[in-house]
Amino acid sequence: FNYWSHTHITIDVVPGRGAGFSIEGPTGKRFIIRSRIFTEEETELLAGEPAR
C-alpha cells in the first residue's frame, strides 16, 4: 500500500475488446485502469485518515 499511497487508482468497465479477463469475452466490455497522483490538498486530507 505505501508504494501506491500517493496515487488515486480507478478500475472501470468500458465498451470495447480486451485481452482476456472474464468480463471481456462475450460481453463487449473491457477493464480499464486510470490513475493520477493525489493533489497536495488531497494528500493533506488523507494524511490523518486510516487506510481502508
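Residues are numbered in my numbering as their position in the sequence shown, beginning at 1, plus a constant of 277.
Positions of the beta carbon are idealized from the N, C-alpha and C atoms, including for glycine.
Distance check for residue j and residue i, CA to CA, integer angstroms please.
{"i": "His283", "j": "Gly295", "result": "28 Å"}
{"i": "Thr320", "j": "His285", "result": "10 Å"}
{"i": "Thr304", "j": "Leu323", "result": "37 Å"}
Among the options, whose alpha-carbon lies nearest the alpha-carbon of residue i?
{"i": "Ile309", "options": "Gly325, Val290 and Phe315", "result": "Val290"}
{"i": "Arg311", "options": "Thr304, Trp281 and Ile288", "result": "Ile288"}
{"i": "Arg307", "options": "Leu323, Trp281, Gly325 and Gly293", "result": "Gly293"}
Which two residues bound the contiguous alpha helix (DSSP H) that contains residue i?
{"i": "Thr320", "result": "Glu317 to Ala324"}
Mind checking which residues open and close the beta strand (DSSP E) that includes residue i?
{"i": "Pro292", "result": "Thr284 to Pro292"}
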